[in-house]
Amino acid sequence: MFTVISTARVYPPNEETLLDTRTVPGELKWAASPTEGGWEEVSIMDEKNVPIRTYQVCNVMEPSQSNWLRTDWIPRSGAQRIYVEIKFTLRDCNSLPGVTGTCKETFNLYYYESNNDREHYIRESNFLKIDTVAADESFTQVDIGDRIMKLNTEVRDVKVTTRKGFYLAFQDVGACIALVSVRVFYKTCPLTVRNLATFPDTNTGADTSSLVEVRGSCVNQSEEREEPKMYCGADGEWLVPIGGCVCNLGYEEKSGACQACKVGFNRAVSTDGACSKCPPHSHAEKEGATVCDCSPGYYRSESDPASMPCTQPPSAPQQLISEVNETSVVLEWSAPLKLGGRSDISYSVDCLLGALKGPLGAQLCLPCSQDVLFFPQQSGLRATRVCVSELQAHTRYTFTILARNGVSQGHSAGAGQSVSVTLTTNQAAPSPVTSIQAGDVTRHGVSLAWQQPDRPNGVILEYEVKYYEKDQKESSYRIMKTASRSADITGLSPLTVYLFQVRARTAAGYGEFSGPLEFSTNSDPLPLIGDASNSTLLLLSISGGVILLLISTAVFIISRRRGKYSQAKQDSDEEKHLNPGVRIYVDPFTYEDPDQAVHEFAKEIDASYIHIEKVIGIGEFGEVCSGRLRLQGKREIYVAIKSLKAAYSNKQRQDFLSEASIMGQFDHPNIIRLEGVVTRCKPVMIITEYMENGSLDAFLRKHDGHFTVIQLVGMLRGIASGMKYLSDMSYVHRDLAARNILVNSNLVCKVSDFGLSRVLEDDPEAAYTTRIPIRWTSPEAIAYRKFTPSSDTWSYGVVMWEVMSYGERPYWDMSNQDVIKAIDEGYRLPPPMDCPVCLHQLMLDCWQTERTHRPSFTQILNMLDKLIRNPTTTLRRTGGDRPVPSLLEPVVGPEFVSVWSAEDCLQAIGMGMYRDTLTTAGYTSPDSLLTLTHQKTYVKNKYLTPLQNMT
Numbered sequence: 001m002f003t004v005i006s007t008a009r010v011y012p013p014n015e016e017t018l019l020d021t022r023t024v025p026g027e028l029k030w031a032a033s034p035t036e037g038g039w040e041e042v043s044i045m046d047e048k049n050v051p052i053r054t055y056q057v058c059n060v061m062e063p064s065q066s067n068w069l070r071t072d073w074i075p076r077s078g079a080q081r082i083y084v085e086i087k088f089t090l091r092d093c094n095s096l097p098g099v100t101g102t103c104k105e106t107f108n109l110y111y112y113e114s115n116n117d118r119e120h121y122i123r124e125s126n127f128l129k130i131d132t133v134a135a136d137e138s139f140t141q142v143d144i145g146d147r148i149m150k151l152n153t154e155v156r157d158v159k160v161t162t163r164k165g166f167y168l169a170f171q172d173v174g175a176c177i178a179l180v181s182v183r184v185f186y187k188t189c190p191l192t193v194r195n196l197a198t199f200p201d202t203n204t205g206a207d208t209s210s211l212v213e214v215r216g217s218c219v220n221q222s223e224e225r226e227e228p229k230m231y232c233g234a235d236g237e238w239l240v241p242i243g244g245c246v247c248n249l250g251y252e253e254k255s256g257a258c259q260a261c262k263v264g265f266n267r268a269v270s271t272d273g274a275c276s277k278c279p280p281h282s283h284a285e286k287e288g289a290t291v292c293d294c295s296p297g298y299y300r301s302e303s304d305p306a307s308m309p310c311t312q313p314p315s316a317p318q319q320l321i322s323e324v325n326e327t328s329v330v331l332e333w334s335a336p337l338k339l340g341g342r343s344d345i346s347y348s349v350d351c352l353l354g355a356l357k358g359p360l361g362a363q364l365c366l367p368c369s370q371d372v373l374f375f376p377q378q379s380g381l382r383a384t385r386v387c388v389s390e391l392q393a394h395t396r397y398t399f400t401i402l403a404r405n406g407v408s409q410g411h412s413a414g415a416g417q418s419v420s421v422t423l424t425t426n427q428a429a430p431s432p433v434t435s436i437q438a439g440d441v442t443r444h445g446v447s448l449a450w451q452q453p454d455r456p457n458g459v460i461l462e463y464e465v466k467y468y469e470k471d472q473k474e475s476s477y478r479i480m481k482t483a484s485r486s487a488d489i490t491g492l493s494p495l496t497v498y499l500f501q502v503r504a505r506t507a508a509g510y511g512e513f514s515g516p517l518e519f520s521t522n523s524d525p526l527p528l529i530g531d532a533s534n535s536t537l538l539l540l541s542i543s544g545g546v547i548l549l550l551i552s553t554a555v556f557i558i559s560r561r562r563g564k565y566s567q568a569k570q571d572s573d574e575e576k577h578l579n580p581g582v583r584i585y586v587d588p589f590t591y592e593d594p595d596q597a598v599h600e601f602a603k604e605i606d607a608s609y610i611h612i613e614k615v616i617g618i619g620e621f622g623e624v625c626s627g628r629l630r631l632q633g634k635r636e637i638y639v640a641i642k643s644l645k646a647a648y649s650n651k652q653r654q655d656f657l658s659e660a661s662i663m664g665q666f667d668h669p670n671i672i673r674l675e676g677v678v679t680r681c682k683p684v685m686i687i688t689e690y691m692e693n694g695s696l697d698a699f700l701r702k703h704d705g706h707f708t709v710i711q712l713v714g715m716l717r718g719i720a721s722g723m724k725y726l727s728d729m730s731y732v733h734r735d736l737a738a739r740n741i742l743v744n745s746n747l748v749c750k751v752s753d754f755g756l757s758r759v760l761e762d763d764p765e766a767a768y769t770t771r772i773p774i775r776w777t778s779p780e781a782i783a784y785r786k787f788t789p790s791s792d793t794w795s796y797g798v799v800m801w802e803v804m805s806y807g808e809r810p811y812w813d814m815s816n817q818d819v820i821k822a823i824d825e826g827y828r829l830p831p832p833m834d835c836p837v838c839l840h841q842l843m844l845d846c847w848q849t850e851r852t853h854r855p856s857f858t859q860i861l862n863m864l865d866k867l868i869r870n871p872t873t874t875l876r877r878t879g880g881d882r883p884v885p886s887l888l889e890p891v892v893g894p895e896f897v898s899v900w901s902a903e904d905c906l907q908a909i910g911m912g913m914y915r916d917t918l919t920t921a922g923y924t925s926p927d928s929l930l931t932l933t934h935q936k937t938y939v940k941n942k943y944l945t946p947l948q949n950m951t
C-alpha cells in the first residue's frame, strides 16, 4: 500500500460542502460504464493511515478509451454555482513502455442537472463538459518504489440553476489515474452585522463576476439612517457596505448592538456616537435617557444643545453713569458680576418720559417718543455704551439698562436684572426750519412763509432770513430778522437768481439754517436739490447730463474692448507660436517618497464630500463603486470610486496610488479624468469621472451591429487622439485594449487603466505570459520586453479589430503560445465582417513586424480624419465588394496608372516594403496591382503569409 501525501485543511466558513468522499462511510458504489474493465473502486490509506475509498483506472495499452464514472445525485441546496475539488494521482506516460499513442495524461469532467435521483445508468449524451483536467505532478515507477505518490489538486466550477440537483461524471480517455477524493461545495456570504444592520447567510451568484444585492435589517433599538445594503461577491466575501442604521436616542452602539444609556448618561443627538455624561447642573435618573433635566434654578434655552450645561440669567449691570449734552445723553455701564455661565449676554435700553402727574399726585412714566434715536441700537447691544439723541429739552427721563442672556426669557429669576438712572435734559437750540414757500414774486421782491421747527426746544424768540445772489455764492449776503413765520424781502435786483435760508432762535441760541430755496425775481421758484418739492426742469437737465455721460462712456468702453480684443487675439496667436510643446510625463516611482508624487499630481478630497451609492465591480486592489461627489462651490457630479481593500501592505498602497499619480498628469478629453484621491482616512480611494456605458468591449458586444461604420471610426478616432496625447507626453501605456477603454453616455471613448506601466520593473521574475496581455502585445515586447509608442501602435491595431468585430476575442480560442507562434510565422488577423478594406489595411500597418515601419499615432489620427471627411469614397468598400483595396482609390486613377510604375504606386500608398514580395508574385505593373484580391493568397502550414495579410 502506498501513501498519499496531502495537506489537511479546515474548510473556510463561507464554503458549504455538498459531497466529500473522505467522509462517506463504506463504499461509494458510483455508476461506471463499462461496468467491467473501466473504473474500479478500491481502498487506500491516507496520510493519517485512515482508509478511504477511491476510484482508479489504467487502461493505457488499448486505444480509444472512454471509461465513464458517475456520482450519485447531489442536491444543490439553493446553490447557483458549485465548485468541484478533485485530488488525484496520475502516472507519467513516459514511464510506461510501449504505450506511445495510447496513453493520456488528462481526463474530462462532466455534469448533468436533474430534479430527482432516477438515473440508474450513465447516459453520456445528457452530460455537459466542464473541463479537461490535467495533472501538474505525475509519478513514475521510481515514485511507487518510494511508496510516495504525488497528489494533484484541481478545482473547477460550473453554474447549476435549472434543476434541484445534479450528477458529476469523470471520463477516462486512456490515462493511468486514481481519484483520491472528490469534494463538491458552494460558497456563501455568512451571516454578519455591519453598520448596525444584520445581513443573513446568502448564496453567491451564478456567475463568477456577479454581485448579489442584499438588504439588511436594523438591529433592535435602531432605525435606518440610509437604506443598508451590501453585495455578496462570487468569492463569498461581503463587499463595501452602503448605508446603515443608527441607534435610537437614549441608546449607544456596543459590539454591533444598541444598549441603553446608564443612569447619569444620555444621548440626545443621533450624530453622537456614544452616550455622554450629563453636563453640569443637570441629571438623568433612569436608563435610556434622551436628555438630562436641569437642576432647580438652572435652565436651557430652546437653541441650547443637550450637551451644554444648564445655566442661569445674569445679574444686573453695574456702575451706570450718564452724561447729558443738551438733548443728548450718553449712558455707560459695567458688565454684571454673574453672567450665569453663558457668553451670549446682551443689553437693552428702556426709555421713559416722566413729566406728568397722576390723579393722586404720583408720578406717571410714559414711553419715549419714536423720534428718539439710539446709537448703535436700543436692544441687542453687545457693547456697554449707548448714545440717546433727539430728546426734548428741559425734560425728565428715566433710562433702564437690562442685562439678558439665552435663558432670561420667561423666568421669574430674570427680575431685578436691570439698573436705572433718572436725569433732566438741558436747554437746546431748535431744529432746522422746513417747508419754506415763496409767493408774490415781483421784479424787486418776494414774500416768504415757513413752518415752526419740528422740535423748537423752547420758546422761539425770532427767525433769521439769509439771502444772496446765486452767482456770488455766500461771499456777500444780507440778513433779515422777524418774530413771525413770514417775511417780505424787497430791494432785489430784477432778472436775478437768489438763494434764501431760514433759522430759528431760542434762549439756547440759533438752530441750523434750512436748505436753500432758489428762485428768480421774474420766474417761479425752483427748489435746489434736497428741497421737498420736485422740479421737472432740474430733472430734465440732470437726465440730459447723465445720458451724455453714458453715451460717452459707452463709446469709450467699446473702443477699449475692440482694442483689447485685437490685442488678446494677437497675444493668443503669439502664445500659440511661441509655446508649441506639451508637458512631459514624470514617472511617480522616481520620487523617494511616493506620497509626494500623489500629492503633487492628485488633489486630496475630503471623504465627507463623497457619497457611495452602489458597487459596480471588483478591481485588483478592492471594490469599484459608483457615487456622487459634491465639492464646495461646485455642482454635484457622478464619479467612479476605486477603494483599497483593508489590511493592505505599504507596497499595495503604493501600487494602488501610483495609478492616480500617473492619471493626475493627464488632461485630455479622451483620457479618463482624475477627480482626486482620499489618502488621509480609510479606505484609501481614487475618484475618477463616471463613464455610464462601461468598458468598450462589453458595450460593443451588447450592441452588436447597432452602429454605422462612421460611428465606429469616430470611436477609433477618439482613442487615437488620446493615445497621441500620451505619446506626445512620452508615456507608454503597455495595456491598450478595448477592455481598458471606457465609454460615456455620449459615446466618447476614453483611455483608462494605467496600472500595467510598472509590472515588469516591479516583478521581473514573474511568469511573463501570465502578466502581459499576449493577444494585444507586439512581438518585440513579448520577446525582449521592449515597450515603446510603436508597441502601443500594435495594440491599437488589435483595438481596431475589436471595435470593427463588435468586441470579438482576438485570435478566438487560440492559446497564448499558438498566438505567439502564429504571429512569428506571419499570421495576422483577417478583416472582420463588413470591415472596409482601408481600415483593415491600417490594422496591418500597425502590425508590421519591424516596429519602425508602423505608423505613429499622429499619422493614424490624420488617416482617420481623412476617412471621416470622405466616408462615401473611403469607407463604402468592404473586402468582398471589389478586388481593389479602398486605400488605393484616392490615389490610383486611370491617368495615375498610365504614368506611374508599380513601385511608385506602392510608395504613394505607404506599401513600399512589399515591393519585393509582390514582384516575386508577378505583380510588376499598376494594372496588375488592380487585380490583386483577398482570394489570391498563399498558405504556409495553417498560418497565412504576410502577402495575404497585405491584401
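Every letter in the sequence shown is one number past the one before it in full-length UniProt numbering, and letter 629, counting from 1, is 629. In this text, a Cβ means the ideal position worked out from N, Cα and C, and glycines have one as well.
Every unbroken beta strand (DSSP E) within the stretch 293 to 345, with a cutoff of 3 residues, ordered by chain: Qualifying beta strand (DSSP E) stretches, in chain order: 318 to 325, 328 to 334.
Distance between Ala403 and Leu337 (C-alpha atoms, nearest Å): Your numbering for residue 337 matches position 337 in the sequence shown. Your numbering for residue 403 matches position 403 in the sequence shown. Their Cα atoms are separated by approximately 11 angstroms.
Buried or exposed (CB count within 10 angstroms, at least 16 for buried), Thr17: In the sequence shown, counting from the first residue as 1, residue 17 sits at position 17. Burial call: exposed.
Three-state class that DSSP yields for Glu85 in the structure shown: By one-based count along the sequence shown, residue 85 stands at place 85. Strand at Glu85.
For Pro810 and Leu829, believed in contact at Cβ under 8 angstroms, the rounded distance: If you number the sequence shown from 1, residue 829 lands on position 829. If you number the sequence shown from 1, residue 810 lands on position 810. Contact annotation, Leu829 with Pro810: C-beta distance approximately 6 angstroms; criterion of less than 8 angstroms satisfied.
Bounding residues of the beta strand (DSSP E) (the contiguous stretch that carries Tyr467): As a first step, residue 467 must be located in the sequence shown, where it is residue number 467. Unbroken beta strand (DSSP E) run through Tyr467: 462 to 469.
contact_flag[the stretch 159 to 175, the stretch 99 to 119] where n(CB pairs < 8 angstroms) is 3 or more: Verdict: yes, contact present.
Which residues DSSP lists as bridging Leu67, in chain order: One-based indexing of the sequence shown puts residue 67 at position 67. In the sequence on display, residue 67 carries Asn and not Leu. According to DSSP, Asn67 bridges with Asp172.
Selection from Lys159, Tyr121, Thr102, Ala508 that minimises the alpha carbon distance to Lys129: Residue numbering aside, residue 129 sits at position 129 when the sequence shown is read from its first letter. Lys129 has its Cα closest to that of Lys159, out of Lys159, Tyr121, Thr102, Ala508.
Own chain, CB closer than 8 angstroms to Asp201, minus 5 neighbours either side, in chain order: Counting from one through the sequence shown, the residue named residue 201 turns up at place 201. Close CB contacts of Asp201 within its chain, under the 8 angstroms cut and outside five residues either way in sequence, are with Thr188, Cys189, Pro190, Leu191 (chain order).
Own chain residues within Cβ distance below 6 angstroms of Val84, not counting five before or after: As a working mapping, residue 84 is identified with position 84 in the sequence shown. The beta carbon of Val84 sits closer than 6 angstroms to those of Arg156, Val184, all from its chain and outside the five residues before and after it, given in chain order.
Own chain partners of Cys275 with C-beta closer than 6 angstroms, once the 5 adjacent residues on each side are dropped: Along the sequence shown, one-based indexing puts residue 275 at 275. Once the five neighbours on either side are set aside, the close Cβ partners of Cys275 are Glu252, Cys261, Phe265, Arg267.
Inter-stretch contact at 8 angstroms, needing at least 3 Cβ pairs: the stretch 298 to 315 / the stretch 331 to 351: Yes: at least three Cβ pairs fall under 8 angstroms.
Alpha-carbon spacing of Ile782 relative to Ser270, whole angstroms: As a first step, residue 782 must be located in the sequence shown, where it is residue number 782. As a first step, residue 270 must be located in the sequence shown, where it is residue number 270. Rounded to whole angstroms, Ile782 to Ser270 spans 59 angstroms at the Cα level.
Candidates Ala429, Ile479, Arg478, Pro855, of which the one nearest Val459 by Cα: Counting from 1 along the sequence shown, the entry for residue 459 is found at position 459. Per the Cα distances, Ala429.
As assigned by DSSP and simplified to three states, the class of Val598: Sequence index remark: in the sequence shown, residue 598 carries index 598 (1-based). Correct three-state label for Val598: helix.
Run of the alpha helix (DSSP H) containing Thr858, from where it starts to where it stops: Here residue 858 corresponds to residue number 858 of the sequence shown, with the count starting at 1. Run containing Thr858: 857 to 869, per the alpha helix (DSSP H) assignment.
DSSP bridge partner residues for Arg53 (one or two, in chain order): Position 53 of the sequence shown, counting from 1, holds the residue named residue 53. Paired residue(s): Ser43.
Whether Trp794 touches Cys846 by CB criterion (8 angstroms): For the purposes of this step, residue 794 is taken as the residue at position 794 of the sequence shown. For the purposes of this step, residue 846 is taken as the residue at position 846 of the sequence shown. Taking 8 angstroms as the cut-off, the Cβ atoms of Trp794 and Cys846 count as close.
Contacts around Pro832, its chain only, beta-carbon distance under 6 angstroms, and the 5 residues preceding and following it disregarded: In the sequence shown, residue 832 corresponds to position 832, counting from 1. Excluding positions up to five away in sequence, the list reads Met804, Ser805.
Minimum Cβ-Cβ distance from Pro75 to chain C less than 8 angstroms: Absent from the structure is chain C; it holds one protein chain and no more.
Beta-carbon contacts of Trp776 that lie in its chain and below 6 angstroms, excluding the five residues immediately before and after: On the sequence shown, position 776 is the one that residue 776 refers to. Take Trp776, set aside five residues on each side of it, and the residues of its chain with a beta-carbon closer than 6 angstroms to its own are Ala737, Ser795, Val798, in chain order.
Extent of the continuous alpha helix (DSSP H) run through Thr198: Locating residue 198 in the sequence shown gives position 198, counting from the first residue. If you look at Thr198, you'll find it isn't in any alpha helix (DSSP H); it sits in the beta strand (DSSP E) that goes 197 to 199.
Coil, strand or helix - Gly216 by DSSP: Numbered from its first residue, the sequence shown carries residue 216 at position 216. Correct three-state label for Gly216: coil.
Contacts around Asp136, its chain only, beta-carbon distance under 6 angstroms, and the 5 residues preceding and following it disregarded: Counted from its first residue, the sequence shown places residue 136 at position 136. Excluding sequence neighbours, Asp136 sits near Asn152.
Ile177, DSSP secondary structure in three states: Residue numbering aside, residue 177 sits at position 177 when the sequence shown is read from its first letter. In the structure shown, Ile177 adopts extended strand secondary structure according to DSSP, grouped into three states.
Beta-carbon gap between Ser222 and Leu196 smaller than 8 angstroms: As a working note, residue 222 is residue 222 in the sequence shown. As a working note, residue 196 is residue 196 in the sequence shown. Yes.
Arg385 - containing beta strand (DSSP E), residue span: Along the sequence shown, read from residue 1 onward, the residue named residue 385 stands at position 385. For Arg385, the enclosing beta strand (DSSP E) stretches over residues 385 to 389.
C-beta atoms of Val615 and Glu623 nearer than 8 angstroms: In the sequence shown, counting from the first residue as 1, residue 615 sits at position 615. In the sequence shown, counting from the first residue as 1, residue 623 sits at position 623. Result yes, Cβ atoms of Val615 and Glu623 sit closer than 8 angstroms.
The stretch 669 to 689 touching the stretch 644 to 661, judged by at least three CB pairs closer than 8 angstroms: Taking 8 angstroms as the limit for Cβ pairs, the verdict is that the stretch 644 to 661 does touch the stretch 669 to 689.
Segment limits, alpha helix (DSSP H) that includes Glu659: Translated into positions along the sequence shown, residue 659 becomes position 659. Its alpha helix (DSSP H) spans residues 650 to 663.
Coil, strand or helix - Lys481 by DSSP: Stepping through the sequence shown from its first residue, residue 481 is reached at position 481. The three-state secondary structure of Lys481, taken from DSSP, is strand.
Option in Met715, Tyr638, Thr849 with minimal Cα separation from Asn670: One-based indexing of the sequence shown puts residue 670 at position 670. Ranking the options by Cα distance to Asn670, first place goes to Met715.
Nearest-angstrom Cα separation, counted from Leu742 out to Ser695: As a first step, residue 695 must be located in the sequence shown, where it is residue number 695. As a first step, residue 742 must be located in the sequence shown, where it is residue number 742. Pairing Ser695 with Leu742, the inter-Cα distance amounts to about 5 angstroms.
Cβ-based neighbour list, Cys368, same chain, cut-off 6 angstroms, excluding 5 preceding and 5 following: The count along the sequence shown starts at 1 and reaches residue 368 at position 368. Closer than 6 angstroms at Cβ, skipping near neighbours: Cys351, Leu353.
For Arg91, the nearest candidate out of Gly98, Ile82, Cys103 (CA to CA): Numbered from 1 along the sequence shown, position 91 holds the residue referred to as residue 91. Of the candidates Gly98, Ile82, Cys103, the residue whose Cα lies closest to the Cα of Arg91 is Cys103.
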